[in-house]
Amino acid sequence: FPAVPEKKEEDTQFAKKYLESFYDFKEEKSSLFKAKNLNHMADKIREMQSFFGLEVTGELNRKTLDMMKQPRCGIPDVRSYS
Amino acid sequence: TFPYSPKWKKEDVTYRILNYTPDMLQADVEEAIAKAFQLWSSVTPLRFTRVYSGQADIMISFAAGFHGDFYSFDGPGGTLAHAYPPGSGIGGDAHFDEDENWTKFTTYSGYNLFLVAAHELGHSLGLGHSNVFGALMYPIYMAKDTRDYQLHQDDIDGIQALYEPTRTTPSKPPPRPEDCDPHLTFDAITTLRGETLFFKGSYVWRKSPYFSEIEHDTISSFWPSLIGGFDAAYEVDKTDRVLFFKDDQYWAVSGYSIESGFPKPIQSLGFPTSVRKVDAAVHDHNTKKTNFFVGNKYWSFNENTQSMERGYPRKIAADFRGIGHTIDAAFQKNGYFYFFRGSNQYQVDIKKRKLIRTMKSNSWFNC
């Protein structure tokens, strides 16, 4: 069955926060850049999937989400603290 | 490393423990931190000194949520800790999330402080994250056996890129012995889903009925959270389970995955507290009994009732004539037990308990 919309939305928000924390993802706040944001987020998902040796799809699939939910260190994987 | 590879420009680095977690005894916190520093000093010229007041290079603290820097913690799970690269002020400091349950054990009910501290102190010394699964600097927490914990070669390469070792080469694991070395001995041997695995230190020789070549692996390539040096191992094929023994603990695995709730103390199998380690173990598929060899005696364990049989331990020499008094490893195949002591191997008929022949330990390696 298709994922329940709010669950999907919840996962997307979680993933955004994860990518902001560890993969230097910055979301354009204005809705004018919605398409650009989606591409940018897909790129960051690819970067994270590649780091962890997951299949690089750019999609927020179950395996990618599960990896994001693992307890971990707070240091980013691709950028130091400013 | 971090951008521009910040590092300490000196060999003597100080640290101070600013506060403690209520989850652990203070002495256990101090021991975990000291052990974590030792890991890094063993492969670099760095020396770490603890100070009890004033400013230290590496300030260690426990805090929850917002704690004065721009990286608030997030409650239980998620982010466990973070640390800053070498530098003045907050540089080098390590923060641990007090909302986690900190422990000195490696069970699944909390996070092992030594493992997390060793990772965070890697950052305090200038290391970034590694994507090598099984490396200490891998970003995701993995519960591991922490006794004689060894740094992954990737961690050693990373830290030595920052701090050139001046002393004799770092503690590298001894090289793998040659397959046909006539003096080759083994720590443990077991079958696994039709294959036979021979263990020595952190190395595995994998003999498969499907390929003629012997495959050479390391234990951490199959089970990253298990550290080499098993004492004994055996398979219960009916339950697709292999049990590994090291000192007074044991693990159960099914294929690559370690069953939850392990390691367990070997006393939970019924050994008296006087038994501190198992030398060898072998399961007899026909009788469903497992023989555990300790010193010059052996026990029989009933896998169906999960309990030790009465009338044991018995002397090995009394029931298995001709194989001597102690053994290092054992496995069973095609109706025979194969016992290993030093570089010799003894093939014994299981039913008659009769010695069939003696061979070299590495006779399985097409030498």
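Here the protein sequences come in this chain order: Y and B. Here my numbering = 1-based position in the first sequence + 853. Here my numbering = 1-based position in the second sequence + 838. From the three backbone atoms N, C-alpha and C, an ideal C-beta is built for every residue, glycine too. Treat the numbers as computed from the prediction; the structure is a model and nothing was measured.
Interface flag, residue i vs chain Y, CB-CB below 8 Å
i: G915 (chain B); result: yes
i: E936 (chain B); result: no
i: H957 (chain B); result: yes
i: Y853 (chain B); result: no
i: A1168 (chain B); result: no
i: Y1174 (chain B); result: no
i: Y1072 (chain B); result: no
i: Y909 (chain B); result: yes
i: A901 (chain B); result: no
Contacts around residue i, its chain only, beta-carbon distance under 6 Å, and the 5 residues preceding and following it disregarded
i: T1206 (chain B); result: In the structure as shown, chain B begins at 839 and stops at 1205. Residue 1206 (chain B) is therefore absent and cannot be evaluated.
i: Y1150 (chain B); result: W1137, S1138
i: I1027 (chain B); result: F1036, A1167, F1169
i: E1097 (chain B); result: A1090
i: F1203 (chain B); result: D1017, I1052
i: W1043 (chain B); result: F1036, I1052
i: N930 (chain Y); result: Correcting the residue identity first, residue 930 (chain Y) is Asp in this sequence and not Asn. Hits under 6 Å: F875, F904.
i: P924 (chain B); result: P844, K845, W846, G930, G964
i: G1160 (chain B); result: L1193
i: M901 (chain Y); result: Y876
i: I1104 (chain B); result: D1086, Y1088
i: A921 (chain B); result: A932, E958, H961, S962
i: D861 (chain B); result: N939, W940
i: K1038 (chain B); result: F1024, D1025
Residue-chain proximity (residue i, chain B), Cβ-Cβ < 8 Å
i: I898 (chain Y); result: no
i: F904 (chain Y); result: yes
Cross-chain neighbours of residue i in chain B, by beta carbon under 9 Å
i: D930 (chain Y); result: G966, H967, N969, P977
Proximal chain Y residues relative to residue i, where beta-carbon distance stays under 8 Å
i: L918 (chain B); result: P924, R925, C926, G927
i: A932 (chain B); result: Simply none; closest approach about 10 Å.
Residues that residue i bridges to, as DSSP identifies them
i: C926 (chain Y); result: B:A919
i: Q1121 (chain B); result: Per the sequence presented here, residue 1121 (chain B) reads as His, with Gln not at that position. Answer is B:T1128.
i: F1169 (chain B); result: B:Y1176
i: F1037 (chain B); result: B:A1026, B:V1042
i: R1152 (chain B); result: B:Y1136
i: L1193 (chain B); result: B:V1186
i: D850 (chain B); result: B:R885
i: Y949 (chain B); result: B:W940
i: K1198 (chain B); result: B:N1182
i: S1145 (chain B); result: B:N1140
i: I855 (chain B); result: B:I898
Same chain, Cβ closer than 7 Å to residue i, neighbours up to 5 away in sequence not counted
i: C1205 (chain B); result: D1017, C1018
i: R1195 (chain B); result: Q1185
i: L1022 (chain B); result: P1015, S1181, S1199, N1200
i: L856 (chain B); result: M897, I898, S899
i: A902 (chain B); result: F911, D935, E936, D937
i: T1007 (chain B); result: Caution applies to T1007 (chain B), whose pLDDT of 48 falls short of 50 and renders its modelled position unreliable; the model cannot decide the point.
i: I871 (chain B); result: I855, I898, A955
i: L974 (chain B); result: A956, H957, G960, L989, H990, D993
Same chain, Cβ closer than 8 Å to residue i, neighbours up to 5 away in sequence not counted
i: F971 (chain B); result: P1062
i: K1190 (chain B); result: none
i: K897 (chain Y); result: L872, Y876, D877, F878
i: Y1094 (chain B); result: F1060, W1061
Interface partners of residue i on chain Y, CB under 7 Å
i: H961 (chain B); result: I928
Listed by chain order, chain Y residues near residue i by CB distance under 9 Å
i: Y987 (chain B); result: By Cβ distance, chain Y contributes nothing, its closest Cβ being about 17 Å from Y987 (chain B), past 9 Å.
i: Y949 (chain B); result: P924
i: T921 (chain B); result: One point to set straight first is that residue 921 (chain B) is Ala, not Thr, in the sequence displayed. Those are C926, G927, I928, listed as they occur along chain Y.
Taking only runs that begin and end inside the region 884–942 of chain B, name each unbroken beta strand (DSSP E) of 3 or more residues, in chain order. If we require 3 residues or more, the beta strand (DSSP E) runs fully inside the region 884–942 of chain B come out as 885–888, 896–901, 917–921, 932–935.
Runs of 4 residues minimum, wholly inside the region 1045–1077 of chain B: which ones carry the alpha helix (DSSP H) assignment? Here the runs fully enclosed are 1057–1060.
Which parts of the region 1079–1118 of chain B are runs of the beta strand (DSSP E), unbroken and 3 residues or longer, counting only runs that do not cross its ends? List check, beta strand (DSSP E) in window: 1079–1084, 1087–1092.
Where in the region 957–988 of chain B do unbroken runs of the alpha helix (DSSP H), each at least 4 residues long, occur, reported from the N-terminal end onward? Listed in chain order, there is nothing to give.
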